[in-house]
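Chains as they are written, first to last, in my numbering: chain W, 1 to 428; chain X, 1001 to 1263.
In this text, a Cβ means the ideal position worked out from N, Cα and C, and glycines have one as well.
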């Protein structure tokens, strides 16, 4: 708790750099990554991330410095080269994209690890910390780095805002974009360059191994919450930033912990929560909807059964007992009783000493279901030529789905028939 | 058999297109007059889509040239509209109906400009024309196939072009949508716009189009419907590939031999 307060008071200048740096890195990665996600090129980000490692090492060997001013161009170079090679392989051979990505990713990452090992076994001064690029270490961001990261992050965000229209167009419909004169190849190149840049700065916080998650997961999580691309990007950036801060905090309080895995764990938690709890698209929402539908069907069946019994008795407002209902239609007693209580609460039923009584609203609702059931049976026999003994089961389902508009059309189409195929009277 | 006309809005001269060395269109020469509702007809794999893609500059051409309004595509792009196959895009993309129709205005906007009120009105008007204005804020993932096609059509109308190229706009749509689309296309043609449609239903073709292009890798015939839509031409179009021609194609592909000598 104390460390939390200390961390968020920003009294320590280093903490400031770490926090601001982490937010920049993760948010801009999330924004650029949204387009990788939409273009379904998520693995490409992974390939780039792994491919920047040899560049970082090479830049260190040549410059002898860990200053991002040298490391970033190195990383950018090999990251970019990997993408060019993937494209060339796909264009000029029978190898498909996924295989090409796999090939390039492992070759470049292998070279990177080789170079890293080489550096560790020679006596380069201040080489310690280079391995942070594997799993990330947000806490190692210092004030001097911050300026460079901020500049790149701002370039990324401004580019996305300026070219939003074109990026959206090539993500949705590339052929159409080309047909209206959008220079698709150049826009694609720009987007690729931005992705490489995002990866290059992002690895400081997350590391090359888990970088792909930083690009993709925020957008994937945000997709559960919105259908609007602008809001999706904003949400992705927020999710990214939140995990960035959390990662920085972990990195600050537990220096031995690698930041990347923590950021990814937090991001994945957000994604899982979104998957479960987001409205409309979330699993829980869908489950609840299923439960509601099941209840609606049960309640409508209860009213229908009572209406049938009323038809037989020629009196709809006669008290009816649970056992009678069950003998009329096979239902579980406990579930029927729950349904009856629900219907009472909604005003469709009343309970009297000798049994349950339909209210006027309840009778009408039951009548409507019976009417729809019989109308649908007429429709099936008349228009689909289905034998009368086959139509009942179909109607059992459809009666619950038909909307008032369809009900009206059905009535007009069939011209208010008197009876159903089994000669039961259709109640209007 | 082919018809020569004066002042065509579309002129294709000696067009050859290859996919990895294999010719999919061979020496196509054709013209389409202004104001026609033209159908490109032929069996699967005849190169119908490739033909309009090459007109739109979406596939590289091995030889020949294409003139629209007697100019290169680049010069007249704003007057040309292309409607890709509905299945070529991901309808789960986070966008609303009006977002997609608005894309029809992007070609007129250029870089760094965003749609203005006038563009929005054009887009809404286009939606009204296809009977989808009630759905303008609907997510495109919630649309039926017919509705998706209407949205694509609205996007094309929002481009306010003079010539339209449509790839299979009737594929997998309901009867009501098909009727709505064809009457809209006829209306556009009556206003002097030229419509070129890739189509593969022979039943409806003669009722829909007043100009026809019969295609099977090579051009079989093109001209006014009543002149070219006859048994003889259809037999030639659908009567299987010319064996010698397709064997040569295969040879070029397998030996990776260019269909045209390098210039």
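Contact list for residue 1128 of chain X against chain W, beta-carbon separation under 7 Å = Correct list: empty, because the minimum Cβ distance to chain W is about 21 Å.
Taking 8 Å as the CB-CB cut-off, is residue 181 of chain W touching chain X?
-> Cβ-Cβ to chain X under 8 Å: yes for residue 181 of chain W.
Among X/1082, X/1075, X/1035, X/1069, which one has its Cα closest to the Cα of residue 1050 of chain X?
-> X/1082
Residue(s) in a DSSP beta bridge with residue 1023 of chain X | X/1018
At a Cβ threshold of 8 Å, is residue 1135 of chain X touching chain W?
-> no
On a CA-only basis, which of W/368, W/114, W/283 is nearest residue 425 of chain W? Give me that one, please.
-> W/368
Under 8 Å between C-beta atoms of residue 56 of chain W and residue 133 of chain W | yes
Could you tell me whether the segment 357-366 of chain W touches the segment 287-306 of chain W, using the rule of 3 or more Cβ pairs below 8 Å?
-> Three or more Cβ pairs closer than 8 Å define a contact, and the segment 357-366 of chain W meets that threshold against the segment 287-306 of chain W.
Near-chain W residues of the segment 1066-1093 of chain X - C-beta to any C-beta below 7 Å = If the cut-off is 7 Å between Cβ atoms, the segment 1066-1093 of chain X has 1077, 1082, 1084, 1088, 1089, 1093 near chain W.
What in chain X is Cβ-close to residue 506 of chain W, meaning under 8 Å?
-> No answer is possible for residue 506 of chain W: the residues shown for chain W start at 1 and end at 428.
Count the other CB atoms, across all protein chains shown, that sit within 10 Å of the CB of residue 162 of chain W; report buried if there are 16 or more and exposed otherwise.
-> exposed
Got a sec: which bits of the segment 221-241 of chain W sit with their beta carbon under 8 Å from any beta carbon on chain X, in order along the chain?
-> 223, 226, 227, 228, 229, 232
Is the Cβ-Cβ distance between residue 1093 of chain X and residue 1079 of chain X less than 8 Å?
-> no
How would you list, in chain order, the residues of chain X whose beta-carbon sits under 7 Å from the beta-carbon of residue 38 of chain W?
-> 1093
Are there 16 or more other CB atoms within 10 angstroms of the CB of residue 155 of chain W, so buried, or fewer, so exposed?
-> The residue in question, residue 155 of chain W, is exposed, as its Cβ has fewer than 16 Cβ neighbours within 10 Å.
My guess is that residue 157 of chain W and residue 31 of chain W are in contact by the Cβ rule of under 8 Å, so how many angstroms apart are they, rounded?
-> That belief holds up - the Cβ atoms of residue 157 of chain W and residue 31 of chain W are roughly 6 Å apart, short of 8 Å.
Any heavy atom of the ligand MG closer than 7 Å to the Cβ of residue 162 of chain W?
-> In terms of ligand content, the structure shown is empty, and the ligand MG therefore cannot be addressed.
Going by Cα to Cα distance, which pick from W/269, W/385, W/205 is closest to residue 23 of chain W?
-> W/205
Around the C-beta of residue 1181 of chain X, are 16 or more other C-beta atoms found within 10 angstroms, so that it is buried, or is it exposed?
-> buried
Which parts of the segment 1037-1090 of chain X are runs of the beta strand (DSSP E), unbroken and 3 residues or longer, counting only runs that do not cross its ends?
-> With a minimum length of 3 residues, the unbroken runs of beta strand (DSSP E) contained wholly in the segment 1037-1090 of chain X fall at 1037-1041, 1063-1068, 1080-1083.
Using a beta-carbon distance below 8 Å, is residue 1058 of chain X in contact with chain W?
-> yes
Nearest to residue 147 of chain W (by Cα), restricted to the options W/74, W/68, W/179, W/416 = W/68
Which residues, in order along the segment 199-218 of chain W, keep a beta-carbon less than 9 Å from a beta-carbon of chain X?
-> none
Taking just the CA atoms, how far does residue 246 of chain W sit from residue 140 of chain W?
-> 15 Å
If residue 1027 of chain X sits next to residue 1016 of chain X, beta carbons under 8 Å apart, how far is it from one beta carbon to the other, in whole angstroms?
-> 6 Å
Pairwise C-alpha distance: residue 1098 of chain X and residue 411 of chain W | 35 Å
Kindly indicate which residue of X/1045, X/1056, X/1039 has the alpha-carbon position closest to the one of residue 182 of chain W.
-> X/1056
Around the Cβ of residue 406 of chain W, are there at least 16 other Cβ atoms within 10 angstroms (buried) or fewer (exposed)?
-> exposed
Measure the CB-CB distance between residue 1034 of chain X and residue 1225 of chain X and report whether it falls below 8 Å.
-> no
Could you say which of W/304, W/87, W/418, W/63 lies nearest to residue 189 of chain W if we only look at CA atoms?
-> W/87
With 16 other CB atoms within 10 Å as the buried threshold, where does residue 151 of chain W fall?
-> Counting Cβ neighbours within 10 Å, residue 151 of chain W comes out exposed, since fewer than 16 surround it.
Along chain X, in chain order, which residues have C-beta atoms closer than 8 Å to that of residue 178 of chain W?
-> 1056, 1057, 1058
Apart from the five residues just before and just after residue 1119 of chain X, which ones in its own chain have a Cβ nearer than 6 Å to its Cβ?
-> 1105
Which residues in the same chain have their Cβ closer than 8 Å to the Cβ of residue 332 of chain W, if we skip the five residues on either side of it in sequence?
-> Within the same chain, no residue comes within 8 Å of residue 332 of chain W by CB-CB distance, once the 5 residues on both sides are set aside.
Taking Cβ positions only, does residue 1164 of chain X come closer than 8 Å to chain W?
-> no
My understanding is that residue 252 of chain W touches residue 7 of chain W, with C-beta atoms under 8 Å, so please give their C-beta distance in whole angstroms.
-> Contact holds; Cβ gap of about 6 Å.
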